[in-house]
Amino acid sequence: KMRKGKGAKVTGEESEAERAKASAALWEARLEVTEISRSEYREAARVLARNNEELTWQQHRLEKDTVEVISFLKKQDVEKEEQIAKLKQQLADLKQQAQEENEKAEHYSAQLKDLEEKFNKKAREIGLIQLELKTIKEFRKKKAHMEKELEDIKENMRISNREHQETLGRLENRFIEEKQLLEREAEKKIVMLAERAHHEAIVQLDSTGRAVFKENVRLQEALAYHLKETEELKKIKQQLEEDKAFLLQEKETNASLVQEKVRQVTLQKAQIQALQHKVERLEMALGHMTQEFETEIQKTRHHALVQNQAGMVEINKLQQLLEMKDREMNRVKKLAKNILDERSEVESFFLEALDQVKREIVSSRKCYKQVAQAAFQKKMMEAFAGKEEYPKIRTFNSNAHSTNSVYKDLQEAEKWTNIQQGKVDIGQLTWEQKECVLRLLFARMNVTLIIVQAERETHDKKMLQQTALVGIQLDAILEMCSFLIMIHIAVL
């Protein structure tokens, strides 16, 4: 029994020694793996540091290029605005020059109109002078007749005055005689009435008071009638006196009028002589002025015609130049608008394609990460069950110091090591490579546009070169569009 227990004890010690050896070998293997992992981590850290420096340098270069491109574009915009301002200034200068030419033409027309007005004014003055001369000649003809009429008027006035005096004397004598006659008749009637009344009073003392009253009334009426006639005679006398005064005043007026007419005739004779001399001088001056004025009008018309013709020729040239500039500007604007529209459409198509590729990259990376994690877990379970060896340690997060990370496999998809020279099928590229191709094409399009704009500025926007540059740009756009269509088909 002792032997049996001793043998079992030795067997147990051997198994423990074997387990210790196996454990030591395992720990040595783990140490070796750890050393290898540490060296790999160091190498990966150095690679990542270099990549980080390269990426930083690339980012700095891209930012610098972006700033330069933006500065260049801004400079081009400023130059275009300056050129537009220059063209606008030239257009304004041309319009100002045309306006000045029009003002000159209007000035010459105004001068010509003023000369015509002066000529018409002189002609009217000459007409007035001729009319005055005609009036003077007619007055000469009528002078004798007027003098005869004046003598007749004087004679008629003398006869009228004499007749008026005679009539006035007769009227006065008649008035006095009638007055005396009426007074005598009135006195006789009064005496007769008194005597009659006295006789009747004596004879008919018994007559009633009524008859006496009637007789008194009749006598009063007769007296009133005689008084009324007396007043009328006084009025006639007053009217005759007024007529006499009026005739005397008219006589004095006619005498003063005759004197005034004589004085006017004398003055008109002197004026006629002065006007005759003046008319002679004016006729001579008018002849010289008319000749000079006609000569000046001919010169002015000829000069104005020459100036107008030259101005019209210059205006036509300026209008043609302005129309050419307008057509050129319209063609440039239309061409720039077409280029910008095409570029905006292509940029939108590029951006949509990039967004779609980015979504596909995110989806494929997520799917690859899930598949890799499931495979790693499966290998670990099989190794834990003892079916196979443990796999290398693998991480599934974005740790910068990991040597065996899923993200490192994803970075390998961006490399071009699996692409052979020659024709490449778009279906063979990874989504990361497709994104890189899209970005390169987009950068190439922008560089092409910048080159086109630079060449257009250096060659003063000539139409032939613009057509060639537009052809270059359209070729680049067609190439990019065909590539995008291929990518779109591959995505679908």
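Going by the working numbering, the sequence shown opens with residue 499, and the numbers climb by one from there.
Quick reminder that beta carbons are idealized off the backbone N, C-alpha and C, glycines included.
Would you mind giving the Cβ-Cβ distance between L666 and K742, rounded to the nearest angstrom? I have them listed as a contact below 8 Å.
The C-beta distance from L666 to K742 rounds to 5 Å, short enough to meet the 8 Å contact threshold.
Residues that DSSP places opposite T893 in a beta bridge
Paired residues: S903.
When you compare only the Cα positions, how much space is there between E730 and K759?
Each residue's alpha carbon lies about 42 Å from the other.
DSSP state of D612 mapped onto helix, strand, coil
Helix, per DSSP.
With DSSP collapsed to three states, give me the class of G884.
Of the three classes helix, strand and coil, the one that applies to G884 here is coil, per DSSP.
Go ahead and pull the three-state DSSP assignment for T1015.
Here the chain comprises residues numbered 499 to 990, so residue 1015 is not present and cannot be evaluated.
Cα-Cα separation between K519 and Q871, rounded to whole angstroms
The straight-line gap from Cα to Cα measures roughly 33 Å.
Could you tell me the alpha carbon to alpha carbon distance between Q766 and K635, rounded to whole angstroms?
C-alpha separation (whole angstroms): 12 Å.
Exposed unless 16 or more other CB atoms sit within 10 angstroms - verdict on E514
Taking every protein chain shown into account, the CB of E514 has fewer than 16 other CB atoms within 10 angstroms, so this residue is exposed.
Please report the Cβ distance between I813 and E604, rounded to the nearest whole angstrom; I am assuming they are in contact, meaning their Cβ atoms lie under 8 Å.
Not a contact, Cβ separation roughly 14 Å.
Measuring straight from C-alpha to C-alpha, what distance separates L845 and V935?
The sequence given here has Glu at residue 845, not Leu. Answer to the nearest angstrom: the Cα atoms are 15 Å apart.
Inter-stretch contact at 8 Å, needing at least 3 Cβ pairs: the segment 813 to 829 / the segment 657 to 676
Short answer: they don't touch.
Does DSSP put L927 in a helix, in a strand, or in coil?
Three-state result, L927: coil.
Excluding sequence positions up to five away, which residues of its chain have a Cβ less than 8 Å from the Cβ of A720?
The answer, listed in chain order, is K687.
Exposed or buried, what is S903 when buried is set at 16 or more other beta-carbons lying within 10 Å of its beta-carbon?
The residue in question, S903, is buried, as its Cβ has 16 or more Cβ neighbours within 10 Å.
Hey, would you say K726 sits closer than 9 Å to M655, going by beta carbons?
Their beta carbons are not under 9 Å apart, which means K726 does not touch M655 by this criterion.
Are there 16 or more other CB atoms within 10 angstroms of the CB of K640, so buried, or fewer, so exposed?
Counting Cβ neighbours within 10 Å, K640 comes out exposed, since fewer than 16 surround it.
Which same chain residues, not among the five before or five after L816, have their C-beta less than 8 Å away from its C-beta?
Hits under 8 Å: L592, Q595 and A596.
Straight-line Cα distance separating R942 from L820:
If you take the alpha carbons of L820 and R942, they lie about 38 Å apart.
Contact check, A802 vs L610, beta carbons under 9 Å
In this structure, the beta-carbon distance from A802 to L610 falls below 9 Å.
Classification of V567 by the beta-carbon crowding that lies within 10 angstroms, buried from 16 upward
Residue environment for V567: exposed (fewer than 16 other C-beta atoms within 10 angstroms of its C-beta).
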